[in-house]
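In UniProt numbering, the protein residues as written are 1 to 105.
Ideal placement from N, C-alpha and C gives every residue a C-beta, glycine not left out.
Keep in mind that this is a model prediction, so the values were computed, not measured.
To keep things clear, I will list the structure first and then write my remarks on it.
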Amino acid sequence: MKMQCLYPHLSFQTADFDKSLEGLGLHPSATILLVQERSAVREALTPTHRVRSAQYALSDMIRSIGNFFNVIFARIQAFFGEFQFAAQQQGLRSKISSHCWSIFS
């Protein structure tokens, strides 16, 4: 009897049931969830689980978008901050030079 393993981290994807259990060092009566198709797992989930997983996916997506915009805004602020700093330095230089000219005049 061929079955597909639900757990991809196990060493087999499609294998004979008894040989797979023995190959993993498990007794054949051990309980491992095996299904013929992955769609059977989706059908087994209750609507509540589906809604919760969709909510988690949506909140993760919103968080990722927020992080992206935070990075963009921080870079924009840093970019314009350099111009503001340069303008302040230029203003300070002009004040110093005008003060020096007033002393020597």
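query, result
"Going straight from the alpha carbon of isoleucine 72 to that of glycine 81, what length do you get?", "14 Å"
"Just the Cα atoms here: how many angstroms apart are phenylalanine 83 and phenylalanine 69?", "21 Å"
"Measuring only between beta-carbons, confirm whether glutamine 77 sits less than 8 Å from chain D.", "Annotation note: the requested chain D is absent from the structure, which comprises a single protein chain."
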